[in-house]
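To start, the structure under review is shown below, and the notes come after it.
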Amino acid sequence: MREGGPRRTAAGARPGEGVAATMTASMTATMTGFARTLRAAGVPADHERTQAFLRAAGHLGAGDSGSVYWAGRLTLCAGPDDLPRYDRCFAAYFGGDRARAGRAAPPAVTVVRHVAAADGAGTREPGDQEALAATASPTEVLRRRDVARLTAAEREEINRLLALLRARREQRRSRRFTPAARGILDPRRTMRETLRRGGEIARLRRRAPRATPRRVVLLVDVSGSMAPYADTLLRFAHALVRCEPRATEVFSVGTRLTRVTGELRRRDAGAAMLRVSEAIPDWSGGTRLGEELKEFLDRWSCARGAVVVIASDGWERGDPSLLGAQMARLSRLARRVVWVNPHKGREGYLPLTGGMRAALPHVGAFVAGHSLAAFEELAERLSHA
Numbered sequence: 125m126r127e128g129g130p131r132r133t134a135a136g137a138r139p140g141e142g143v144a145a146t147m148t149a150s151m152t153a154t155m156t157g158f159a160r161t162l163r164a165a166g167v168p169a170d171h172e173r174t175q176a177f178l179r180a181a182g183h184l185g186a187g188d189s190g191s192v193y194w195a196g197r198l199t200l201c202a203g204p205d206d207l208p209r210y211d212r213c214f215a216a217y218f219g220g221d222r223a224r225a226g227r228a229a230p231p232a233v234t235v236v237r238h239v240a241a242a243d244g245a246g247t248r249e250p251g252d253q254e255a256l257a258a259t260a261s262p263t264e265v266l267r268r269r270d271v272a273r274l275t276a277a278e279r280e281e282i283n284r285l286l287a288l289l290r291a292r293r294e295q296r297r298s299r300r301f302t303p304a305a306r307g308i309l310d311p312r313r314t315m316r317e318t319l320r321r322g323g324e325i326a327r328l329r330r331r332a333p334r335a336t337p338r339r340v341v342l343l344v345d346v347s348g349s350m351a352p353y354a355d356t357l358l359r360f361a362h363a364l365v366r367c368e369p370r371a372t373e374v375f376s377v378g379t380r381l382t383r384v385t386g387e388l389r390r391r392d393a394g395a396a397m398l399r400v401s402e403a404i405p406d407w408s409g410g411t412r413l414g415e416e417l418k419e420f421l422d423r424w425s426c427a428r429g430a431v432v433v434i435a436s437d438g439w440e441r442g443d444p445s446l447l448g449a450q451m452a453r454l455s456r457l458a459r460r461v462v463w464v465n466p467h468k469g470r471e472g473y474l475p476l477t478g479g480m481r482a483a484l485p486h487v488g489a490f491v492a493g494h495s496l497a498a499f500e501e502l503a504e505r506l507s508h509a
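Note that the sequence shown covers residues 125 to 509 in my numbering.
Here is the structure:
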């Protein structure tokens with residue numbers, strides 16, 4: 125055996141390699157779900173940090189909530205500013221208080237899973253012998269529930285989590301320029317500087333392309349068929365406006381087209397929703413998507429080059445052919461068209477309504493919009509659009 129090389133076990137693996145593999149699938153899913161929650165809250169828990177978190181949790185013991193807390197804090201947080209958000213997300217996700225140095229670990233929370241076999245007898249998988257103590261709290265279960273079926277208290281919790289959503293977008297190079305220390309020569313600024321100095325060239329001014337986020341335009345259906353989801357969709361829109369106020373436009377559609385971007389720029393979600401409710405005159409009315417989309421394209425130019433998100437169930441009372449024609453027109457103007465349908469999250473759903481059948485050929489992405497988890501996935505999609 126050569127000296128100085130890495131030691132290997134009898135199976136030929138390095139020490140510590142495969143520690144994460146000893147975790148059950150449910151453990152791994154819970155840990156990665158926690159990392160996604162942190163990313164939504166603004167903590168840079170990327171793929172590399174998540175893998176380090178899984179390895180650390182496997183070493184320290186994934187069955188102890190205190191070990192999971194410190195494993196995540198040391199691997200998923202990039203700086204002191206992330207610690208308060210990490211503590212809030214850990215308490216919300218795992219349903220316990222944050223761990224502190226010198227404190228005893230909080231009591232373990234165990235989950236008993238009953239797996240029904242075909243003959244009615246319970247069966248146990250080999251990986252189920254070690255139950256995950258630091259398991260997901262009821263909040264994690266709530267993230268995947270349909271918002272139309274929530275109680276008032278559960279809806280308040282969803283609204284609180286939506287207020288924590290961080291929907292930052294990647295920066296892109298704009299056609300406009302900004303002064304910079306390095307870049308191409310800026311002849312106008314250089315000439316003005318020269319004239320101010322009496323014709324003497326003292327310094328060459330330079331410029332570089334400005335970095336701006338991609339514009340996102342949301343059209344939220346507030347008709348009667350969308351009543352159980354309209355409030356949550358507008359709160360999601362508020363999170364987008366709060367993160368990128370200059371690169372987000374929001375409209376409500378029903379029997380009228382109403383721009384509500386200004387109302388959603390209020391920092392407090394409750395105050396913003398109160399202003400929105402006062403501004404929209406056609407709550408729980410009919411649906412004329414084709415006519416409203418035509419009005420939007422005729423009056424507003426913000427769709428050009430933007431990511432346009434239409435949140436609707438597709439129940440069109442007008443002519444579906446008009447909606448299809450306007451969707452074709454929109455697809456030529458926008459960078460990408462995303463259709464969010466709350467019913468897509470239900471098992472066995474098929475887009476059979478006239479509006480959906482007319483719109484789908486011109487849609488770049490058809491996604492669900494029925495739960496907090498679906499909104500987090502949509503925010504992730506928009507951040508890379």
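We put the CB at the ideal spot given by N, CA and C, even for glycine.
(message) I need the straight-line Cα distance from Ser507 to Ser349, nearest angstrom please.
(response) The residue you call residue 507 lines up with position 383 of the sequence shown. The residue you call residue 349 lines up with position 225 of the sequence shown. Spanning the alpha carbons of Ser507 and Ser349 requires a straight line of approximately 29 Å.
(message) Distance check for Ser189 and Ser436, CA to CA, integer angstroms please.
(response) In the sequence shown, counting from the first residue as 1, residue 436 sits at position 312. In the sequence shown, counting from the first residue as 1, residue 189 sits at position 65. Taking the CA atoms as reference points, Ser436 sits about 41 Å from Ser189.
(request) Along the beta strand (DSSP E) that carries Ser376, what are the first and last residues, could you check? (result) Within the sequence shown, the letter at position 252 stands for residue 376. First-last of the beta strand (DSSP E) with Ser376: 372-377.
(message) I need the straight-line Cα distance from Thr356 to Phe490, nearest angstrom please.
(response) Position 232 of the sequence shown, counted from the start, is the residue given in the question as residue 356. Position 366 of the sequence shown, counted from the start, is the residue given in the question as residue 490. When the Cα atoms are used, Thr356 and Phe490 turn out to be separated by approximately 19 Å.
(request) Could you name the residues of the same chain whose beta carbon sits closer than 6 Å to that of Lys418, not counting the 5 residues immediately before and after it, in chain order? (result) Locating residue 418 in the sequence shown gives position 294, where the first residue counts as 1. Result list for Lys418: Gln450, in chain order.
(request) Express the C-alpha separation of Phe214 and Leu277 in angstroms, rounding to a whole number. (result) Position 153 of the sequence shown holds residue 277. Position 90 of the sequence shown holds residue 214. Before going further, note that residue 277 is Ala rather than Leu in the sequence given. In a straight line, the C-alpha of Ala277 is about 20 Å away from that of Phe214.
(request) Decide if His183 is buried, meaning its Cβ has at least 16 other Cβ atoms within 10 Å, or exposed. (result) Counting from 1 along the sequence shown, the entry for residue 183 is found at position 59. So His183 counts as exposed.
(request) Decide if Ser347 is buried, meaning its Cβ has at least 16 other Cβ atoms within 10 Å, or exposed. (result) By 1-based counting over the sequence shown, the position of residue 347 is 223. So Ser347 ends up on the buried side.
(request) Report the residue from Leu309, Val341, Tyr473, Gly166 whose alpha carbon sits nearest the alpha carbon of Thr372. (result) Taking the first residue of the sequence shown as position 1, residue 372 is located at position 248. For Thr372, the nearest C-alpha among the options comes from Val341.
(message) Assuming contact is defined by CB atoms lying nearer than 7 Å, are Arg412 and Gly438 in contact in what I supplied?
(response) Start at 1 with the first residue of the sequence shown, and residue 412 comes out as number 288. Start at 1 with the first residue of the sequence shown, and residue 438 comes out as number 314. It is not a contact, given that the beta carbons lie outside the stated cut-off.
(request) Would you mind sorting Val265 into buried or exposed? The rule is 16 or more other CB atoms within 10 Å of its CB. (result) To locate residue 265, count along the sequence shown from 1; it is residue 141. So Val265 counts as exposed.
(message) Within 10 Å of its beta-carbon, does Pro444 have 16 or more other beta-carbons around it, so buried, or fewer, so exposed?
(response) For the purposes of this step, residue 444 is taken as the residue at position 320 of the sequence shown. If you draw a 10 Å sphere on the C-beta of Pro444, you find 16 or more other C-beta atoms in it, and that means buried.
(request) Could you please give me the residues that DSSP links to Gly409 through a beta bridge? (result) Looking up residue 409 in the sequence shown gives position 285. In the DSSP output, where bridge partners are listed per residue, Gly409 has Ser347.
(message) List, from N- to C-terminal side, the alpha helix (DSSP H) runs of 4 residues or more that fit wholly inside the region 253-301.
(response) Listed in chain order, they are 262-267, 276-287.
(message) Tell me the DSSP secondary structure of Trp463 in three-state form.
(response) Within the sequence shown, residue 463 is the residue found at index 339, counting from 1. The three-state reading of DSSP puts Trp463 in strand, counting E and B together.
(message) Please report the straight-line C-alpha distance between Thr156 and Phe218, rounded to a whole angstrom.
(response) As a working mapping, residue 156 is identified with position 32 in the sequence shown. As a working mapping, residue 218 is identified with position 94 in the sequence shown. Near 13 Å, if we compare the C-alpha coordinates of Phe218 and Thr156.
(request) Using three-state DSSP, classify Thr477 as helix, strand or coil. (result) Sequence index remark: in the sequence shown, residue 477 carries index 353 (1-based). Reduced to three states, the DSSP call for Thr477 is coil.
(request) Consult DSSP for Leu328 and reduce its assignment to one of helix, strand or coil. (result) As a first step, residue 328 is located in the sequence shown; it is residue number 204 there, counting from the start. Here DSSP, grouped into helix, strand and coil, assigns Leu328 to coil.
(message) Quick check: Ala304 and Arg330, are their CB atoms within less than 7 Å of each other?
(response) Taking the first residue of the sequence shown as position 1, residue 304 is located at position 180. Taking the first residue of the sequence shown as position 1, residue 330 is located at position 206. Arg330 is positioned such that its CB atom lies closer than 7 Å to that of Ala304.
(message) Under 8 Å, with one C-beta from each stretch per pair, do the region 363-380 and the region 283-298 reach the 3-pair mark?
(response) Yes, the region 363-380 touches the region 283-298.
(request) Please say whether Ala497 and Ala393 have beta carbons closer to each other than 7 Å? (result) Residue 393 sits at position 269 when you count from the first residue of the sequence shown. Residue 497 sits at position 373 when you count from the first residue of the sequence shown. Contact: no.
(request) Answer yes or no: do Val384 and Leu343 have a C-beta to C-beta separation smaller than 7 Å? (result) Here the question's residue 384 lines up with position 260 in the sequence shown. Here the question's residue 343 lines up with position 219 in the sequence shown. No, they are not a contact pair.
(request) Just tell me which of Met480, Arg279, Lys468, Val462 has its CA closest to the CA of Arg505. (result) Numbered from 1 along the sequence shown, position 381 holds the residue referred to as residue 505. If you compare the alpha carbons of Met480, Arg279, Lys468, Val462 with that of Arg505, the shortest gap goes to Val462.
(request) Inspect the beta-carbon positions of Ala458 and Ala427 and report whether they are closer than 7 Å. (result) Here residue 458 corresponds to residue number 334 of the sequence shown, with the count starting at 1. Here residue 427 corresponds to residue number 303 of the sequence shown, with the count starting at 1. Ala458 is a Cβ neighbour of Ala427, given a cutoff of 7 Å.
(request) Could you tell me which residues DSSP puts in a beta bridge with Ile434? (result) Here residue 434 corresponds to residue number 310 of the sequence shown, with the count starting at 1. Beta-bridge partners assigned by DSSP to Ile434: Leu343, Trp463.
(message) If you follow the beta strand (DSSP E) that Ala492 is in, where does it begin and where does it stop?
(response) Position 368 of the sequence shown, counted from the first residue, corresponds to residue 492. Counting along the chain, Ala492 sits inside the beta strand (DSSP E) bounded by residues 489-492.
(message) Can you look up Pro303 in the DSSP assignment and give me helix, strand or coil?
(response) As a working mapping, residue 303 is identified with position 179 in the sequence shown. It is a strand residue.
(request) Provide the residue span of the alpha helix (DSSP H) that contains Leu447, from first to last. (result) One-based indexing of the sequence shown puts residue 447 at position 323. Start and end: 444-457.
(request) Quickly, what does DSSP pair Ile308 with across the bridge? List them, please. (result) Against the sequence shown, residue 308 aligns to sequence position 184. In the DSSP output, where bridge partners are listed per residue, Ile308 has Arg331.
(request) Mind reading off the beta-carbon distance from Asp406 to Arg380? Whole number of angstroms is fine, and I expect it under 8 Å. (result) Here the question's residue 406 lines up with position 282 in the sequence shown. Here the question's residue 380 lines up with position 256 in the sequence shown. Their Cβ separation, rounded to whole angstroms, is 5 Å, which keeps Asp406 and Arg380 in contact under 8 Å.
(message) Could you compute how far the alpha carbon of Leu207 sits from the alpha carbon of Leu476?
(response) Here residue 207 refers to the residue found at position 83 when the sequence shown is read from its first residue. Here residue 476 refers to the residue found at position 352 when the sequence shown is read from its first residue. So the alpha carbons of these two residues sit roughly 47 Å apart.
(message) Please report the distance separating the alpha-carbon of Gly429 from that of Met397.
(response) Mapped onto the sequence shown, residue 429 falls at position 305. Mapped onto the sequence shown, residue 397 falls at position 273. The straight-line gap from Cα to Cα measures roughly 28 Å.
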